[in-house]
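Reading through the structure tokens given below for one structure.
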Amino acid sequence: MMGGTASPHERQRSFPFPKTHRLRKPGEFARVKAEGRRRRTTHFTVNYRINGLAHHRLGLVVQKKFWNAAQRNRIKRCLRESFRLNRHLIPLPGKDIVVVARPGAEKLSCQDTGKELLAALTKQDGPSA
RNA sequence: GGAGCAGGUCAAAUGAUCGCCGGCACCGCCUCGAACGGUGCGGGAGGAAAGUCCGGGCUCCCAAGGGCAGGAUGCUGGGUAACACCCAGUCUCGGCGACGAGCAGGAAAGUGCCACAGAGAGCAGACCGCCCUGCCAUUGGCAGGGUAAGGGUGAAAGGGUGAGGUAAGAGCUCACCAGUCCCGGUGGUGACAUCGGGAGCUAGGCAAACCCCAUCCGGAGCAAGACCGAAUAGGAGAGCGUUUGAGGGCGGCCCGUCCGAGCUCUCGGGUUGGUUGCUUGAUUCUGCCGGCAACGGCAGAACUAGAGGAAUGAUCAUUGCCCCUUCCAUUCCCGGGGAACGGGAAAGGGGUCACAGAACCCGGCUUAAGACCUGCUCCAAAC
RNA sequence: UGGGGGAUCGUCCAGCGGCAGGACUGCAGACUCUGGAUCUGCCUACCUAGGUUCGAAUCCUAGUCCCCCAG
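Heads up: take any position in the first sequence, counting from 1, add 12, and you land on my numbering.
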């Protein structure tokens, strides 16, 4: 539904997602978990923390316990794609965001994933600010 | 048509837009290079990538020596770098059949086990029965002995049938059959098959029990290993030792051999980065030749993922395929004389398929799970 | 990714080819005015599927799940 209603101007924009916009070290994950805030949706747990940079960074946690390798890859791709397309809609300041998938997430389509994620990330700024 | 057996192929396709990973070329930045940013070109998961069950390559352990221990394999011949794999056969078993399965050496080398039941379960064995003798006695009982034909037990009771024989019986004797061993012939490289002769009359099962025999195996694993850099410290305490040798290579042990001045434990502290190994290889495809086949040889062509919190995706459109809807109403085709009805197509909606994601690389095995094609078998029907 | 270990009543363990046992728990009964403690009895299990064997928790093969170690 989001792709269908998107304007031609928005469609033609590029949404790059380079390596610098990802969390890659164990320490970074640990810091977000320790110092950040947490918000829960039906299929994900979202931890976030202001990082002092001009952009947001994304980290994904998909446990081996609930899915096999193919399902884990699909969930991570959906989450990454949702973040890439909706990154400009998440309000600044720049944050480190860690998304933890919960059981049931493998049944979600990528469009629904994006909706759920964006709702969680825009809503959280209201009460806190 | 139904049920089944064997083999093979595929793993939706095309285009557009936005992204990801690495390669090459160019440009920018910069003293140069690296890094970073940008542009262009051409790549980017599997048949099982999986489980990690075997076998190799590769790397390090100086070299990988001898013996013991340990492990693996186990019909025959071949293939291979190697294998527990594959191919072709033999034997046994299963199936009406196509066909499939088999850890398929040795039980007369030795040891062990065979619960319960049963008289007896391993140089067999008398509970009932049968027979003989003696004693008491008149249908019978007791004692001693003989007997494996019958009953009964058991998963299994030491060949089968018939005749002779006997007190009753017994391979005790004989004939036939089955099986064992020995010798010889024929076919086959061989497992083995088949034929003839002889011996002797029984020799149970379990080796996925210990074991014996034959063959093979050094250990660890890319988190192997190599290089660069950073940080802390060149700490404190205890023990052993310096050529009469601690400790190590050595991995379970011994022999042998080599290195050899430090080694081990505790406390305290630091780093927990980058490059490389990393993809051209027992590689793939095509053709010819050898071979029943697995496979091998020769020639030509091709380059086909290299990530690292971990790359292949998302959206849209079209086609193909599949599923659902059609209560009322609409169109076409087929079956039907027509109607009812049934089937198919159009139309509309949805899905993009099942199993599943490379982590040093190959060869297998096993497990997971779709679709299609070819050949064959059995049954049913029709001709 | 590689290397190793395990699975037995509700829980923790034993069992090495022939009846599956112990402790705690649970239930019932006895004792007691009642409860606790004690005593007696009962309930309940071999991870799954094939194979070897007369017979498998045990031996062999394949699978499932869980745990540990290595940067």
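Quick reminder that beta carbons are idealized off the backbone N, C-alpha and C, glycines included.
Name the DSSP bridge partner or partners of residue i?
i, result
"residue 108", "61 and 69"
"residue 46", "Its beta-bridge partners do not exist; DSSP assigns none."
Could you pull the start and end residues of the beta strand (DSSP E) that residue i belongs to?
i, result
"residue 50", "49–52"
Between the options, which lies nearest to residue i when the distance is taken from Cα to Cα?
i, options, result
"residue 118", "44, 83 and 32", "83"
"residue 127", "56, 50, 86 and 114", "56"
In terms of residues, what are the limits of the alpha helix (DSSP H) holding residue i?
i, result
"residue 87", "81–98"
"residue 133", "122–135"
Confirm the yes/no value for this check: CB of residue i, any heavy atom of the ligand COA, distance under 7 Å.
i, result
"residue 89", "The ligand COA is absent from the structure shown, which contains no ligands of any kind."
Measure the Cβ-Cβ separation of residue i and residue j and say whether it is below 8 Å.
i, j, result
"residue 41", "residue 71", "yes"
"residue 58", "residue 109", "yes"
"residue 69", "residue 47", "no"
"residue 129", "residue 94", "yes"
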